[in-house]
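Numbering (numbering that gives the first Met the number 0), first residue to last: 0 to 331. All C-beta atoms in this analysis are idealised placements derived from N, C-alpha and C, irrespective of residue type, glycine included.
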Amino acid sequence: MTSPIWQATAQAQPNIALVKYWGKRDDTLNLPAAGSLSITLDALHTRTTLRFDETLAADDVLFNGQHDDLQTRKISAFLDLFRTHAGIATRASVETANDFPTGAGLASSASGFAALALAAGRALQLQLPPHALSVLARRGSGSAARSVFGGFVEMTAGTRDDGEDAFASPLLNAAAWPLTVVVAITSRAVKDTSSRVGMDDSRRTSPFYRAWVATANADLDAAREAVHGRDFARLAEVSEASCLAMHAVMLATRPGLIYWNAATVECIHALRALRAGGTGVFFTIDAGPQVKAVCLPEHAEAVAMALRTIPGVAETMVSGLGEGARIIESDA
Ligand code: 2P0
């Protein structure tokens with residue numbers, strides 16, 4: 000008799016936070032200290048095929064075409080959550096790949112764990128409602144909870160110790176306010192300090208950390224209202240403020256977390272000058288040196304051209320807003 004194989008392929012896209020997440024209230028359950036608000040992209044993808052196979056003695060993970068011990072451990076621990084949920088011990092083979100730089104401040108863990116959570120839930124036929132999928136994706140990476148959904152998304156910090164109320168929800172779909180994001184790649188190097196380690200260091204040592212967490216709700220309220228009102232100027236103001244406050248917390252961490260390079264700073268100045276001249280654009284920057292320019296679609300080409308002239312900008316990628324994680328293929 001052949002052993003059963005449960006298989007699913009899922010795709011998810013990274014998201015970019017406009018109101019940032021930087022710090023946890025619980026490391027084990029990956030519970031954020033404050034809420035966040037993001038946009039899901041459509042041009043960058045993670046695709047993940049998962050097969051639970053009773054003939055396997057161990058999980059077998061192919062990450063961007065390679066066997067990688069660290070990624071295998073992370074993915075295996077994540078799949079344990081689903082095995083526990085389903086009451087099985089079956090091992091899995093996983094093939095996951097990103098069509099964009101991994102670990103370089105482009106939210107590859109967000110799309111990666113969102114795709115894996117969706118594939119695992121489908122392969123095991125767990126019938127998870129979206130918020131439960133978001134809770135599980137969060138266990139892999141806090142930002143992955145947001146990539147479950149498309150368009151504009153809000154992540155709620157929740158108050159429960161078990162984390163069941165810490166999940167993301169859709170705010171506005173992508174077509175309702177189709178902004179364009181131009182990503183300026185200023186380095187392809189993998190960052191020195193992961194977000195996970197960096198945000199824990201900030202919580203423990205940055206004198207600005209408490210103030211950062213205390214101001215998050217006001218930023219969330221302003222950003223949510225700006226999204227509902229399609230108020231680009233207001234969204235620009237709060238997004239840049241949240242980004243710069245997060246980087247202030249990072250800089251004041253001991254030792255200081257400096258994710259920017261010279262080109263990052265040049266991009267900031269160039270984008271501010273463009274906005275002062277009437278271009279609909281604002282910047283945001285995550286735990287890496289890339290600059291994400293969020294634009295009104297009619298201004299995206301001018302923004303991309305301006306960013307490409309800046310020394311140190313190796314490449315620009317242009318993306319619209321996209322859908323949430325989805326199943327591409329499944330036999331379950
Ligand atoms: C964000 N970042 O809101 C912020 C801004 C980076 C800077 O979410 O430890 O990879 O897995 O929960 O989700 C990156 O952090 O961290 C991130 P974990 P994650 O997009």
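According to DSSP, residue pairing for Trp-5 in a beta bridge involves Phe-51.
Under DSSP, Phe-282 shares a beta bridge with Ala-292. Annotation: the continuous beta strand (DSSP E) that includes Asn-97 extends over 91-97.
Residue pairing by DSSP places Asn-63 in no beta bridge whatsoever.
By the Cβ-count criterion, Leu-132 is buried, with 16 or more other Cβ atoms from all chains shown falling within 10 Å of its own Cβ. For the 8 Å CB-CB criterion, Phe-151 and Val-60 do not form a contact. Ala-175 is the residue among Ala-175, Lys-73, Glu-94, Ile-87 whose C-alpha sits nearest the C-alpha of Gly-228. Annotation for Phe-151: the continuous beta strand (DSSP E) segment containing it runs 151-154. The straight-line gap separating the alpha-carbon atoms of Tyr-258 and Glu-297 is approximately 30 Å. For the options Glu-236, Arg-202, Glu-265, the alpha carbon positioned closest to that of Leu-250 is the one of Arg-202. Remark: C-beta atoms of Leu-30 and Val-18 do not approach each other more closely than 8 Å. His-84 and Leu-125 have their C-alpha atoms spaced approximately 8 Å apart.
In the structure shown, the three-state DSSP call for Ser-142 is coil. Just so you know, the alpha carbons of Leu-55 and Asp-330 end up roughly 19 Å apart. With distances taken between CA atoms, Arg-145 lies nearest to Leu-171 out of Leu-234, Leu-171, Thr-263, Ala-122. At least one heavy atom of the ligand 2P0 lies less than 7 Å from the C-beta of Arg-195. Residues of the same chain with a CB within less than 6 Å of the CB of Gly-157, apart from the 5 flanking positions on each side, are Asp-164, Ala-165 in chain order. Met-304 counts as exposed, since fewer than 16 other beta carbons sit within 10 angstroms of its beta carbon. In this structure Thr-47 touches Leu-115 by the C-beta definition: roughly 5 Å separates them, less than 8 Å.
Distances from the alpha-carbon of Ala-232 to those of Val-196, His-246, Val-293 put Val-293 closest. Residue range 35-39 is occupied by the beta strand (DSSP E) that includes Ile-38. For the 8 Å CB-CB criterion, Gln-6 and Leu-49 form a contact. C-alpha of Ser-238 to C-alpha of Lys-190: approximately 23 Å in a straight line. For Ala-118, the closest alpha carbon among the candidates Ala-136, Ala-106, Ser-107, Asp-68 is that of Ala-136. Sequence-distant Cβ neighbours of Gly-255 in its own chain, meaning closer than 8 Å and more than five residues away, are Met-249.
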